[in-house]
Every structure is written in C-alpha cells, then in structure tokens.
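The listed protein sequences derive, respectively, from chains A and B. Residues in the first sequence are numbered from 1 upward in steps of one, following full-length UniProt numbering. Residues in the second sequence are numbered from 1 upward in steps of one, following full-length UniProt numbering. The structure appears right after this line, and notes come after that.
Protein chains: 2
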Amino acid sequence: MRRMTARPANAHQARLLRLLRDGGPNSRAQLGDQVDLSRSKLAVEVDRLLETELVVADGLAASRGGRRSHNIRLNPHLRFLGVDIGATSVDVAVTNAELEVLGHINQPMDVREGPVVVFEHVLSMAAKLRASGLAEGFDGAGIGVPGPVRFPEGIPVAPPIMPGWDGFPVREALSQDLGCPVMVDNDVNLMAMGEQHAGVARTVHDFLVVKIGTGIGCGIVVGGEVYRGTTGSAGDIGHIQAVPDGRPCACGNRGCLEAHFSGAALARDAMEAAEQRLSTELANRLESNGTLSAVDVAAAAAAGDATALDLIREGGNRTGQVIAGLVSFFNPGLVVIGGGVTGLGHTLLAAIRTQVYRQSLPLATGNLPIVLGELGPTAGVIGAARLISDHLFSPA
Amino acid sequence: MRRMTARPANAHQARLLRLLRDGGPNSRAQLGDQVDLSRSKLAVEVDRLLETELVVADGLAASRGGRRSHNIRLNPHLRFLGVDIGATSVDVAVTNAELEVLGHINQPMDVREGPVVVFEHVLSMAAKLRASGLAEGFDGAGIGVPGPVRFPEGIPVAPPIMPGWDGFPVREALSQDLGCPVMVDNDVNLMAMGEQHAGVARTVHDFLVVKIGTGIGCGIVVGGEVYRGTTGSAGDIGHIQAVPDGRPCACGNRGCLEAHFSGAALARDAMEAAEQRLSTELANRLESNGTLSAVDVAAAAAAGDATALDLIREGGNRTGQVIAGLVSFFNPGLVVIGGGVTGLGHTLLAAIRTQVYRQSLPLATGNLPIVLGELGPTAGVIGAARLISDHLFSPA
DNA sequence: CTTACTTTTTCCACTCACAGGACAAAGGAG
DNA sequence: CTCCTTTGTCCTGTGAGTGGAAAAAGTAAG
C-alpha cells in the first residue's frame, strides 16, 4: 500500500492532528471548542487535512441540541512501529495513529550481539506483525535503545552496556530498511513519554520516571518535554554513589546504585543467598532452574520468603535514598517507578516511599505521589510511537 | 519624574527591546540583520517604540560602505532596582535598561527580623541611591529572597531560614511601596540569571549554579530558562544527604550537605578547631575578633594554615560528591560555583572538581567546565534586574 | 404535522500584518 | 563629478484570519 507522506502544513494543522491523536475521533464543532480559531479558518484547515488524507470523515456525531456535526478522525490506515530494545529482550509493537497498540511481540535477545544482528531480528518481527494483517506498511517508527543517544542524529554515544553500538547510525539505517521516518531515543525517555501519553503521568508537567531493569535509569520531563541533557546522558542515575566505598561497579567506581540494586545485582544477591542456604525458597528455585533472576526473587517474596523480602527492602532503601536527593533537587510533581522489577511491587514501592518521605523536605514531598507505572511492558513501545508521531505531527 | 509605563505591544517589539538590552545601542540596519523582518515592518515597529519613549534615537552610526544608519538605544533614563536579600546581608543596586550596575550598596542585616523591618531598610537604601542622583525613580524591581518562592504570586513559601516570611505578599507589598512592577524569585535563581546575562554562562543553555553561602542552594537553567519545580523548591540541595548518619541538621535529619559544609558549618568547625588549638592561625583570629566566620577561614587558608585548608578540602569533597550526583542526573553543560565562600577560591574548586570528575561518567564530564562565578556579589542584583526586565520586555 | 428554537456549516466581505519592489536619500571611492 | 553601495520611505499586492449573515439540519413542544 502507498504510505502517507503528507505532513501538516502549519502549526494549526499540527495542533489538530495532535488533538485527534490524543482525544480520538472528534466532531468539527468539538475541535472548534478546543483550538480558538474562527469557524471559517477551522473549516479551511480541516478541509486541507482531508485532502492530504491524514484525516478522514467518520460519519455524523450525536446532536448537541441542534444540527448534527460531522465526525473527523485520523486516517485509520496509518500505522506506527514502536521498538523498545532492552538489554536482554526486544519489544516491537504496531499502533494506529491514536497510538493504540494493535499488536505486540516480545523476544529475548542480547543487545551485545550488536546492531546488525539485533536489527535483523527487529525487522523480522516487524515483518511478522505486517504479515498478520495488522499493517500494510509503516508511516513512522520510534526506536528506544538502552543507552545515551545523540538525539538529533539518532546515534548512540558511548553506551556502557552495548559497546558495539557506539556511533552506529541507527536512525539512518532503520529509516532506509523500513522506508519510513525514524526517531531514536533512550529507552527510559520513551517510557516517560509512554506514561505521559497513556499512563499515570497524563496530567503532570514535571516528573521523573525511574526505570529499574537490568540497569537503572531515569527519564526527566520538564514542562511536558523530555529533557535529554547536553550530551544526551541526562538521567543516568545508575552510577550515582549510593554506598560510600561500596561494591565495585563495572564503571570503575565503587558503591554505584546500580552495583547495589538492579535486575542484575538482585539476581546475583539471590544466587549468593541461595548458595549460602539462607533461603530454602531461593535454593529450591536455583536447583530447579540452574540460575536465578529478579523474577525468582519476586516469586519468592510473594511466597513470603524473608530473605527475598529483605533483598527487595534493602534495594528499595538504596534507591529511595538516591531518589530523595533527586526530589530535593528537581522538585517533581510525580515520581513513577517502572521497568522489569515492577514485579517486586509494593514491597519495593513502600521502601522507596519511606526513604523519600523521610529524607526530603516537606515542601517537596508534601503533595508528591510516588507510584508504579501503569503500562508495564507497553510503556516503551507506546512512548516510541508517541516520539515519532510528535515528530510527524509537527509543522514541516 | 514621570516613569515609563509603556510595554511592548507585540512579540516583535519585545524581541527588539531584548536585543537592545543585551547588545547595547544598535543601528536600525544592524537590528534588521538580527530579526528577520522586512525593512518596512522593522521601521514601523521601531517608530512605534520611539513613540512610547521606550527607545530613543542616538545619533548616526558609522558607515558600512554606504549611507549611514541611525542609531537606536533603550531610553537612558530607564532604571531598574535589583535587590538581593541574603541571610545576613542585603544588596541593593540600580541599573540602567542595559542592566549595567550604576550604583550598589551592601548592608549587613538579619533576615530573621522579618519582612517589615527588612523592607524598611531596603526602601531606605533605594532612597539613598535615588538621592545620590543615580535615578529619579524606578521602572521595575527584581527581588531575591533566600528561600523557595511561589513564583507567579511572588510569595515565599515555607522558607526554613526565614520563618516570619511565610506567605508574606512580597511582590504586592513592594510594588505598592516602590510604585513600580516587581518580580520575586529565589536568590539562587537570580544568581543563575545574572551569570547567564553577564557572567560565565552567557553561551550555555543548560547549566547549574551552586551557591554556597550561609546555606547551600542550586539554580537550574534548562533551555535558557530557570526551572523552579512544581512548588518552587527545585534546587534545594542543602538537605541532600552527604554523610550517612552524619551530623544532625536543623531540618531534623542527619548528614545533610548543609550541616557538613556551608558558611555556617565552616564557621562552627573553625571555632572548634581554634578552641582545640589545632590551628594557631585560627586561634589568633578568634582571640582578636571574638568569633570566626568563613572569611577568617579563607584568610587562614591563604596564609597557608593547614587546618583551614583541610576544612575547605573536606567541604569541597562533600560538595563535589553531591554535585557529581547532580551531574550524572542532569548532564549540564556547565557548573558554576558561587556565593559567599567564593573567597575560598581554588582550593575549594579543586576539591569539587576532583570529586566530580572521579565519580561521574566520562560522557557527562568529558566537556564539563566547573568554574567560579564571574560576577561575585553583583550576580544576584544583576539577575534581579534581568528578571524584571524579562518581565517588562515581554508582550503584554 | 407544524412551528419555534438550536446548532452546525458555508459563504462573503472586510481587516490587518507583512513582504517586497521601486525609488529617494546619503554616503564612499575613484 | 560619477558610479556604486547602503539605508530609509512609500506603496501596492497577497494571504491569513475574523465575524456576520444566511442556509442547512436538527430537536422539542404544541
């Protein structure tokens, strides 16, 4: 199928497209209530959007007491691809223009195999989604990678956990392969955009998203916009010192938060506890699986295992301590906890909350919700779709 | 004298006013090079500004190879008042519209005496400046206070070191007394704006300013704009935990940065060292003055006193540790160190740099200058003038 | 079914901001 | 004095946008 190539011609059209994306199908009259344009001007812009086929007519709206209005919606054939590359797995999803997930595949994979191998898999996953009839092609794609990105060019820079990716032109390469516009960002930033679009952060303008997965990262949203820092490495909180003279970390320092609590650290601690027979629950799991991961700790904790609960509490305390510092500094309106370890659930959350509320001043914590992410594994792919749609639905 | 009451009528005029503020007198032709407007449009807007008397003609410019252009400048009679209220002293300055300091008074004072007493002094200082012929009246005033501020209303909220100020309508009261528009902000934010306007941060868009005075605070600039946080308390880094189970702090916690290093903590440490006879230099100063302050420590350090140097180094290490965390999180393009203790100079700076460069990752520190502020005690008042001029030179 | 009232949509005349060309004014270089 | 460059002014054309009038398409009550 021929893909859409049109872009909004001006700020008004971009505004309308975003309203339709975020609010779904809408009548012309309702749109008029939201944009502060004269009826005539609005009609002209809507007609032009209809000509470009970015939006289509969608029957008549219910009456609001008089003549019924005509409904408008984004072209239902538009498709975005959301790709979330994690350290140990990849998520690929298809969305429509309203960013609803139509299909979603997850596949284990080691990011250290390098961009060529990973993108082969990503492309075949995308092809599978297309083959299942969910899309005939993609109008844009958003890609999340687990490391800092030079955002304008879409190129990873000095990513610690994916050394082979340094300088690889992700944006350009995938744009070529997929035949559509592509934007690339840090996975944590995309998670933040996802929660902002469809999750817990819908109404907040300044907030933090702390993602605890294989590593630990933080998405920063200022005034509704993701803040990426001077070199694209903002939010890299995994290497903040949490324990003076603590454990050695891969980065060369000691006591980094990530060395003391993260999916990887938790798995290692659990193995150690199992081998030392501190927990029969964990020891049994180790025996039957041959190895342990954060998921096992979560399961053990759910079963009431004291050692597992202690590990989680301890990690939550460390994390909470770091977050308390960030809260004092940044004074956010919301803190979202997400990532693979969300399975650890409320034990973790309670430990974090305790630390933050104790250590930060009342003015900053007084009205500060600290909550788990609402979208789970789809936050990243929704954020990815949001990224590319923001790009496409902006004036050319 | 009749004060200016005019405001720019549109965004173009605001743009022109800011160009004239930041670039000084300019020819019409030069302005045209900077604003991307047709010559006719530019002429119209400049003529309107001349009518309002916000700008005035200023002779002929040098020829650029053809007909000489007419010079334009901001009305030289415009005067802004910059007020920087610290914990133990107040700075008041008069500037012209280009934000050049024409007169500057500093006076010791205890902020805990409350807003009424403090503002009596401020008003009399302003009157003194006016009486000396520097101003016939003020077209606007910026006020900095040492605590969080609800910015839109200009009201301090829950300020720890100035309890009597909570909820006092600073903006409204001073606007009444001075008879001109007033804006209020945290003193650290104003320091950041000052360094941005006329100091070391002129070309940087994302940076931090750490002010070490009686307490410790941090100004955050994102995309060229001061970030104030959800409740106006962003940058309150004095109560980040720097030492686990460290010294008790006035806030009720233990180990806060401010409890271990700040003007107040430094003075206390110095007294202790003097009483224990660890340093004859400090002991002598204590004997002759009856008390010690950060200034004495600076002097002792300059004289080579080992104890004083140790105190500074230790404090710098603690501060550097906290800043390292902020650098990882925020990835700024510049870190400015300022405030009363700037006198401690390069010993302090070196200690901070060492910690930051050691603890943060290379991607964040690779091209990160950490420098002392350039403006010293005038940073605050220049920032205050900048605050009110930004407000006045924006479309009504 | 008719009538009165609403809401939505289209049409049209009018205003306004702005661009850009023509031309005059003012200066420099030879 | 002549030719060229830059600056400032004037004027007209264009396109964006507004707001009123009227037509179109409903609802609600008699």
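Each residue gets a CB set at the ideal place from its N, CA and C atoms; glycine is no exception.
What are the start and end residues of each continuous beta strand (DSSP E) run of 3 or more residues lying completely inside the segment 172 to 235 of chain A, in chain order?
182 to 186, 207 to 212, 216 to 222
CB of A/Leu387 within 8 Å of CB of A/Met183, strictly:
Your numbering for residue 387 of chain A matches position 387 in the first sequence. Your numbering for residue 183 of chain A matches position 183 in the first sequence. Contact: yes.
Identify which residue in A/Glu195, A/Gln34, A/Leu282 has its Cα closest to the Cα of A/Gly373.
Within the first sequence, numbered from 1, the residue matching residue 373 of chain A stands at position 373. Minimum Cα distance to A/Gly373 is reached at A/Glu195.
What residue ranges within the segment 132 to 170 of chain A form continuous beta strand (DSSP E) runs of no fewer than 3 residues, ordered along the chain?
140 to 145
Are the C-beta atoms of A/Ser328 and some chain B residue less than 8 Å apart?
Reading the first sequence from its first residue, position 328 is the one you call residue 328 of chain A. So, interface residue.
Who are the near neighbours of B/Ala303 in its chain, counting only those whose CB is closer than 7 Å to its CB and skipping five residues on each side?
Here residue 303 of chain B refers to the residue found at position 303 when the second sequence is read from its first residue. The answer, listed in chain order, is Glu281.
Quick one: what does DSSP say A/Gly23 is sitting in, helix, strand or coil?
Numbered from 1 along the first sequence, position 23 holds the residue referred to as residue 23 of chain A. Looking at A/Gly23 - three-state DSSP - the assignment turns out to be helix.
Along chain B, in chain order, which residues have C-beta atoms closer than 9 Å to that of A/Gly325?
Indexing the first sequence from 1 puts residue 325 of chain A at position 325. Neighbours of A/Gly325 on chain B, chain order: Ile237, Ile240, Gln241, Val322, Gly325, Leu326, Phe329.
Looking at the secondary structure, which residues open and close the alpha helix (DSSP H) in which A/Ser69 lies?
The residue given as residue 69 of chain A occupies position 69 in the first sequence. Segment: none, A/Ser69 is in no alpha helix (DSSP H) and carries neither H nor E.
Within 10 angstroms of its Cβ, does A/Gln13 collect 16 or more other Cβ (buried), or is it exposed?
Locating residue 13 of chain A in the first sequence gives position 13, counting from the first residue. A/Gln13 is buried by the Cβ-count criterion.
Helix, strand or coil: which one does DSSP assign to B/Ile105?
If you number the second sequence from 1, residue 105 of chain B lands on position 105. The answer is strand: DSSP assigns B/Ile105 an E or B state.
Give me, in chain order, the residues of the same chain whose beta-carbon lies closer than 6 Å to that of A/Phe261; leave out the 5 immediate sequence neighbours on both sides.
Locating residue 261 of chain A in the first sequence gives position 261, counting from the first residue. Hits under 6 Å: Gly315, Arg318, Thr319.
Do you know offhand how far B/Val44's Cα is from B/Asp91's?
For the purposes of this step, residue 44 of chain B is identified with residue 44 of the second sequence, where counting begins at 1. For the purposes of this step, residue 91 of chain B is identified with residue 91 of the second sequence, where counting begins at 1. Taking the straight line from one Cα to the other gives about 40 Å.
Quick check: B/Gly338 and B/Ala294, are their CB atoms within less than 8 Å of each other?
Translated into the one-based positions of the second sequence, residue 338 of chain B becomes position 338. Translated into the one-based positions of the second sequence, residue 294 of chain B becomes position 294. No; because the gap between Cβ atoms is not below 8 Å, this pair is not in contact.
Check the Cβ of B/Asp47 against every Cβ in chain A and list those closer than 7 Å, keeping chain order.
Translated into the one-based positions of the second sequence, residue 47 of chain B becomes position 47. Per Cβ cutoff of 7 Å: no residues; B/Asp47 is ~29 Å from chain A at best.
List the residues of chain B that A/Leu363 touches, going by C-beta distances under 7 Å, in chain order.
Taking the first sequence and counting its residues from 1, the one referred to as residue 363 of chain A is at position 363. Simply Pro148, Val157, Ala158, Thr231, Ser233.
Across which residues does DSSP place B/Pro248 in a beta bridge pair?
Here residue 248 of chain B is taken as the residue at index 248 of the second sequence, counted from 1. Answer is B/Arg254.
Assuming the contact rule is C-beta atoms closer than 8 Å, A/Gln241 and B/Gly325 should be a hit. Round their C-beta distance to whole Å, please.
For the purposes of this step, residue 241 of chain A is taken as the residue at position 241 of the first sequence. For the purposes of this step, residue 325 of chain B is taken as the residue at position 325 of the second sequence. About 7 Å; that satisfies the 8 Å criterion.
At least one CB of chain A closer than 8 Å to the CB of B/Gly333: is that the case?
Walking along the second sequence from the start, residue 333 of chain B turns up at place 333. Interface residue, yes.
Could you name the residues of chain A that B/Val221 contacts, counting a contact when the two beta carbons are closer than 9 Å?
Here residue 221 of chain B is taken as the residue at index 221 of the second sequence, counted from 1. By Cβ distance, chain A contributes nothing, its closest Cβ being about 11 Å from B/Val221, past 9 Å.
Listed from N- to C-terminal order along the chain, which residues in the segment 192 to 212 of chain B have their beta-carbon within a distance smaller than 7 Å of any beta-carbon of chain A?
Taking 7 Å as the Cβ-Cβ cut-off against chain A, the residues of the segment 192 to 212 of chain B that qualify are Asp206.
Assign B/Gly198 to one of two classes, buried (16 or more other C-beta atoms within 10 Å of its C-beta) or exposed (fewer than that).
In the second sequence, counting from the first residue as 1, residue 198 of chain B sits at position 198. The sequence shown places Ala at residue 198 of chain B, rather than the Gly named in the question. It counts as buried.
Looking only at C-alpha atoms, which of B/Arg79, B/Ala135, B/Ala61 sits nearest to B/Asn71?
One-based indexing of the second sequence puts residue 71 of chain B at position 71. Ranking B/Arg79, B/Ala135, B/Ala61 by Cα distance to B/Asn71 puts B/Ala61 first.
Find the residues of chain B that neighbour A/Pro244, judging by a C-beta separation of less than 9 Å, and give them in chain order.
In the first sequence, residue 244 of chain A corresponds to position 244, counting from 1. The contacting residues are Val243, Pro244, Gln321.
Return the residue from the list B/Glu153, B/Ile105, B/Leu81 that minimises the CA-CA distance to B/Glu136.
Translated into the one-based positions of the second sequence, residue 136 of chain B becomes position 136. Distance from the Cα of B/Glu136 is smallest, within the candidate group B/Glu153, B/Ile105, B/Leu81, for B/Leu81.
Would you mind telling me which residues of chain B sit closer than 7 Å to A/Asn253, beta carbon to beta carbon, in chain order?
The count along the first sequence starts at 1 and reaches residue 253 of chain A at position 253. Within 7 Å Cβ-Cβ: Gln359.
Between the alpha carbons of B/Val122 and B/Arg21, how many angstroms are there, rounded?
Stepping through the second sequence from its first residue, residue 122 of chain B is reached at position 122. Stepping through the second sequence from its first residue, residue 21 of chain B is reached at position 21. Approximately 26 Å, taken between the alpha carbons.
Top-ranked residue by Cα proximity to A/Phe119, from A/Val101, A/Gly133, A/Asn26, A/Ser89:
For the purposes of this step, residue 119 of chain A is taken as the residue at position 119 of the first sequence. Taking each of A/Val101, A/Gly133, A/Asn26, A/Ser89 in turn and checking the Cα distance to A/Phe119, the smallest one comes out for A/Ser89.
Any C-beta of chain B sitting closer than 8 Å to the C-beta of A/Cys218?
In the first sequence, residue 218 of chain A corresponds to position 218, counting from 1. With 8 Å as the cut-off, A/Cys218 counts as an interface residue toward chain B.
Would you kindly work out how many angstroms separate the C-alpha atoms of B/Leu375 and A/Val222, rounded to a whole number?
Taking the second sequence and counting its residues from 1, one reaches residue 375 of chain B at position 375. Taking the first sequence and counting its residues from 1, one reaches residue 222 of chain A at position 222. In a straight line, the C-alpha of B/Leu375 is about 28 Å away from that of A/Val222.
For the beta strand (DSSP E) containing B/Val371, list its first residue and its last residue.
Mapped onto the second sequence, residue 371 of chain B falls at position 371. Start and end: 370 to 372.
In the DSSP output, what is A/Phe80 paired with across the bridge?
By 1-based counting over the first sequence, the position of residue 80 of chain A is 80. Bridge partners of A/Phe80: A/Thr95, A/Gly140.
Alpha-carbon spacing of A/Asn186 relative to A/Val149, whole angstroms:
Locating residue 186 of chain A in the first sequence gives position 186, where the first residue counts as 1. Locating residue 149 of chain A in the first sequence gives position 149, where the first residue counts as 1. Going from the Cα of A/Asn186 to the Cα of A/Val149 covers about 6 Å.
Report the three-state DSSP secondary structure of A/Ile352 (helix, strand or coil).
Within the first sequence, numbered from 1, the residue matching residue 352 of chain A stands at position 352. It is helical.
Which residues share a DSSP beta bridge with B/Ala57?
The residue given as residue 57 of chain B occupies position 57 in the second sequence. B/Ala57 is bridged to B/Ile72.
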